[in-house]
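Right, one structure below, let's go through it.
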Amino acid sequence: MIKGVKYYCNVYLKQMTDLNYHTSHEECIMKSYRKELWFDVPTRRAFINITPRVRECITESGIIEGLVLVNAMHITASVFINDDESGLHQDFDDWLERLAPHEPISSYRHNVGEDNADGHMKRQIMGREVVVAVTNGELDFGPWEQIFYGEFDGRRKKRVLVKIIGE
Ligand code: ZN
Numbered sequence: 012m013i014k015g016v017k018y019y020c021n022v023y024l025k026q027m028t029d030l031n032y033h034t035s036h037e038e039c040i041m042k043s044y045r046k047e048l049w050f051d052v053p054t055r056r057a058f059i060n061i062t063p064r065v066r067e068c069i070t071e072s073g074i075i076e077g078l079v080l081v082n083a084m085h086i087t088a089s090v091f092i093n094d095d096e097s098g099l100h101q102d103f104d105d106w107l108e109r110l111a112p113h114e115p116i117s118s119y120r121h122n123v124g125e126d127n128a129d130g131h132m133k134r135q136i137m138g139r140e141v142v143v144a145v146t147n148g149e150l151d152f153g154p155w156e157q158i159f160y161g162e163f164d165g166r167r168k169k170r171v172l173v174k175i176i177g178e
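In our numbering, the protein residues as written are 12 to 178.
Here is the structure:
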């Protein structure tokens with residue numbers, strides 16, 4: 012609490028001051044939640060809808076109003092938001108292969124004892140993380156938005172971090 016700053020409590024829907032914050036509104040202190048989701052994709056590349064797993068995290072956190080951050084913890088995987096439509100996913104995969112083809116492996120300077128330079132580049136295009144508003148205990152989404160894990164160098168265990176803050 013910073014003296015002189017006014018804080019608002021969503022539980023009691025009234026303005027608070029630093030004087031009463033720690034005495035009568037203990038429930039209102041910001042909550043924080045952290046979880047790792049694990050993936051072991053059997054193919055080199057895949058897109059997985061992880062929206063239900065993020066929803067489970069929100070329920071488990073008990074957070075009603077806040078923000079959820081979902082990020083890949085690996086540099087050859089992505090987390091992104093788009094439509095859950097198989098044609099589109101194939102279009103993404105074809106487009107990424109045109110931009111950064113897996114082969115020839117020798118065409119990448121990174122591929123010295125590794126073969127995943129294309130995976131690093133595909134992840135860079137598809138992004139590392141998403142941040143979504145949590146409103147009334149739900150993902151505050153538009154009609155077609157879904158959260159995906161994008162794998163670009165699979166066949167091993169990898170992680171996604173879910174961090175939720177709010178009250
Ligand atoms: Zn690499």
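Positions of the beta carbon are idealized from the N, C-alpha and C atoms, including for glycine. Only a predicted model underlies this, so the values are computations on that prediction, with no experimental measurement involved.
- Can you tell me which of the three DSSP states residue 146 falls into? On the sequence shown, position 135 is the one that residue 146 refers to. Strand.
- Message: Helix, strand or coil, according to DSSP, for residue 75 in the structure here?
- Response: Sequence index remark: in the sequence shown, residue 75 carries index 64 (1-based). Correct three-state label for residue 75: coil.
- May I have a chain-ordered list of the alpha helix (DSSP H) segments no shorter than 4 residues that lie completely inside the region 105-160? Along the length of the region 105-160, whole alpha helix (DSSP H) runs at least 4 residues long occupy 128-137, reported in chain order.
- Are there 16 or more other CB atoms within 10 angstroms of the CB of residue 41, so buried, or fewer, so exposed? Position 30 of the sequence shown, counted from the start, is the residue given in the question as residue 41. Per the 10 Å Cβ criterion, exposed.
- Can you pull the DSSP bridge partners for residue 207? The structure shown does not extend to residue 207, since the chain spans only 12 to 178, so no value can be given for it.
- Would you report the Cα separation of residue 130 and residue 164, rounded to the nearest angstrom? Position 119 of the sequence shown, counted from the start, is the residue given in the question as residue 130. Position 153 of the sequence shown, counted from the start, is the residue given in the question as residue 164. Between the C-alpha atoms of residue 130 and residue 164 there is a straight-line separation of about 6 Å.
- Message: Could you pull the DSSP bridge partners for residue 177 from this structure?
- Response: Your numbering for residue 177 matches position 166 in the sequence shown. Residue 177 is bridged to 42 and 77.
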